[in-house]
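Colleague:
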Amino acid sequence: MTKTFVTHSSKQTQQIGKDMAASTLPGHPIVLMGDLGSGKTTFVQGFGSYFGFKRMTSPTYTFIKSYKITSQISENTSYWINHVDLYRAATISDIHNLGIPDLLHDPLSWTLIEWPELILNLLPKKTIIIKFTQSDKNMRKIVVSHNQTI
Ligand SMILES: Nc1ncnc2c1ncn2[C@@H]1O[C@H](COP(=O)(O)OP(=O)(O)OP(=O)(O)O)[C@@H](O)[C@H]1O
Ligand SMILES: [Mg+2]
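Okay, so the sequence shown: first residue is 1218 according to our numbering, each after it adds one.
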């Protein structure tokens, strides 16, 4: 199943991310594919805004930033957004040292991964794949796929 969106501003891309946060259960990794500047981080900012996080910035140098969701769901359980950016990750042992295999299966997390190329073979079948393409200065195509292999 795929769904295609076309946006004409970063605000519209953020709105797509926010809508997805409202409609996606935790435990499904979300991978974000596309060239530099195609809108992946912008989408994550919108996703986080649904849970009240403002100005999320890319974890390019730390690889992962985790945000504890306080506003939600149940008193005794903590839910998380994990924003992962593997642009600078070099090896699969980096991936294991970062604990990413566990995150991919964590039922209490929304884990969004930019530059997932290194871990494609670790992704569970339930992963949501989002492909971003820049078609013009302010125009992006966003294709969301469920239950598909890359
Ligand atoms: N329709 C649009 N959707 C998203 N971003 C847009 C759009 N139009 C313009 N932009 C601009 O494009 C840039 C997208 O940057 P962003 O950091 O989201 O890209 P990225 O895919 O995360 O890149 P990187 O691979 O470097 O992490 C921002 O400067 C944003 O303002
Ligand atoms: Mg980015």
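All C-beta atoms in this analysis are idealised placements derived from N, C-alpha and C, irrespective of residue type, glycine included.
For the alpha helix (DSSP H) containing N1314, list its first residue and its last residue.
Modeller: 1309–1314 is the span of the alpha helix (DSSP H), which, as asked, contains N1314.
Colleague: What are the uninterrupted segments assigned as beta strand (DSSP E) that are 3 or more residues long and contained completely in the stretch 1238–1309, given in chain order?
Modeller: 1247–1250, 1281–1286, 1296–1302, all fully within the stretch 1238–1309.
Colleague: Considering I1347, what are the terminal residues of the beta strand (DSSP E) in which it resides?
Modeller: Here the beta strand (DSSP E) through I1347 covers 1345–1353.
Colleague: Could you pull out every residue in the same chain whose Cβ sits closer than 6 Å to the Cβ of G1244, ignoring the five residues on either side in sequence?
Modeller: Cβ neighbours of G1244 beyond the five flanking positions: P1324.
Colleague: Is DSSP giving K1235 helix, strand or coil here?
Modeller: Helix, per DSSP.
Colleague: Assuming S1295 and K1282 are in contact, meaning their beta carbons sit under 8 Å apart, how far apart are those beta carbons, in whole angstroms?
Modeller: The pair is not a contact, with the Cβ atoms about 16 Å apart (cut-off 8 Å).
Colleague: With H, G and I counted as helix, E and B as strand and the rest as coil, what does DSSP make of K1228?
Modeller: Correct three-state label for K1228: helix.
Colleague: With three or more beta-carbon pairs closer than 8 Å as the criterion, would you say the stretch 1350–1357 touches the stretch 1261–1272?
Modeller: In short, these stretches do not touch, since the Cβ pair count stays below three.
Colleague: Contact defined as beta carbons within less than 8 Å: I believe I1330 pairs with L1249. What is the distance between those atoms, to the nearest angstrom?
Modeller: Rounded, the Cβ-Cβ distance is 7 Å, consistent with contact.
Colleague: Return the residue from the list N1364, T1366, S1362, R1357 that minimises the CA-CA distance to S1227.
Modeller: When only C-alpha atoms are compared, the closest one is R1357.
Colleague: What does a CB cutoff of less than 8 Å around N1364 pick up in its chain, not counting 5 residues either side in sequence?
Modeller: Once the five neighbours on either side are set aside, the close Cβ partners of N1364 are M1218, K1342, K1343.
Colleague: Is V1223 buried or exposed, if buried means 16 or more other CB atoms sit within 10 Å of its CB?
Modeller: Per the 10 Å Cβ criterion, exposed.
Colleague: Please classify L1242 as buried or exposed, where buried requires at least 16 other C-beta atoms within 10 Å of its C-beta.
Modeller: Exposed: under 16 other Cβ atoms inside 10 Å.
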